[in-house]
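Let me begin by presenting the structure, written as structure tokens, before commenting on it.
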Amino acid sequence: MSEETPGFEEKPDVPSGATPEDAAQTAPSAEEGAAPAGDAAQNGTAQAGLTAQLDQVRTALNERTLDLQRLQAEYQNYRRRVERDRITVKEIAVAQLLTELLPVLDDIGRAREHSELVGGFKSVAESLETVAAKMGLQQFGKEGEPFDPTVHEALMHSYAPDVTETTCVAILQPGYRIGERTIRPARVAVAEPQPGAAPAAGAQEEQSADEESGGPDEG
């Protein structure tokens, strides 16, 4: 029976004739068998960490995307508000300018009615009216149109037998508007139907109806 020498480890059997390199390759075979299990655990941990980091990046990206969308919406609202304010300021400035020119346009209109719009004055007057029209100024108010208190200002009142409703019978000063905004109502003389004219007309229509039906029924 052989005795083991204290202090020395038992070495694996090495075939006879084997070189030292063969012995070195044979020795760690047991450690190589255990290595794959450790690598799999490390790979799983690393993958879990990458997944967690990816989730964090996605969450941060979604938050930044929402912030960007909010900023873009606020910017679009700001641009629309600025554009609307700019248009409003422009319209107010144009209306104020044209309002100051209305007395001049009235003088031009009176001169035209009296055939005094001749020569160089006529050319200047027509140029001024053209510029005012390009800036959006529109003249309104005609004789014979129904009276509308929202765009007409009645300065004179009378009765007439040939009207069936309150009618503008004379334009004392034309009205002016810019788009849908009235900057001066038309100053007019109006006429109303004569008192009693409407009932008479109604009686005449009733009489005509009776004649068409053969006259009133006799008792």
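Under the working numbering, the first residue of the sequence shown carries the number 203, and numbering increases by one thereafter. Ideal Cβ placement from N, Cα and C applies to all residues, glycine included.
- Beta-bridge pairing by DSSP links Phe342 to Gly377.
- Going by C-alpha positions, Val259 is about 34 Å away from Arg282.
- Cβ neighbours of Thr332 within its own chain (closer than 7 Å, five residues either side excluded): none.
- In the structure shown, Pro395 falls within a strand segment according to DSSP collapsed to helix, strand and coil.
- Counting along the chain, Ser360 sits inside the beta strand (DSSP E) bounded by residues His354 to Ala362.
- Rounded to the nearest angstrom, the gap between the Cα atoms of Glu328 and Ile289 is 28 Å.
- Between the region 318–327 and the region 346–358, the count of Cβ pairs shorter than 8 Å is below three; the stretches do not touch.
- Straight through space, the alpha carbons of Ala262 and Thr247 are spaced by roughly 23 Å.
- The three-state reading of DSSP puts Thr332 in helix, counting H, G and I together.
- Per the C-alpha coordinates, the member of Asp350, Val296 and Ser317 positioned closest to Lys336 is Val296.
- Going by C-alpha positions, Asp241 is about 24 Å away from Asp257.
- If you check the CB distance, Ile385 and Thr301 come in under 8 Å.
- Leu299 and Gly311 have their C-alpha atoms roughly 19 Å apart.
- Using a Cβ distance threshold of 8 Å, Tyr361 and Leu304 do not count as a contacting pair.
- Contact between Leu339 and Val306 does not hold, since their C-beta atoms are separated by about 12 Å, which reaches or exceeds 8 Å.
- Sequence-distant partners of Pro348 (beyond 5 residues in either direction) whose C-beta falls short of 8 Å from its own C-beta, in its chain, are Glu367, Thr368, Thr369 and Cys370.
- Nearest to Ala391 by alpha-carbon distance, out of Leu268, Gln375, Arg314 and Gly381, is Gln375.
- Going by DSSP, Thr368 is part of no beta strand (DSSP E) at all; its letter is neither H nor E.
- DSSP places Val390 within a strand segment (E or B) once states are collapsed to three.
- Taken through DSSP and simplified to helix, strand or coil, Pro305 comes out as helix.
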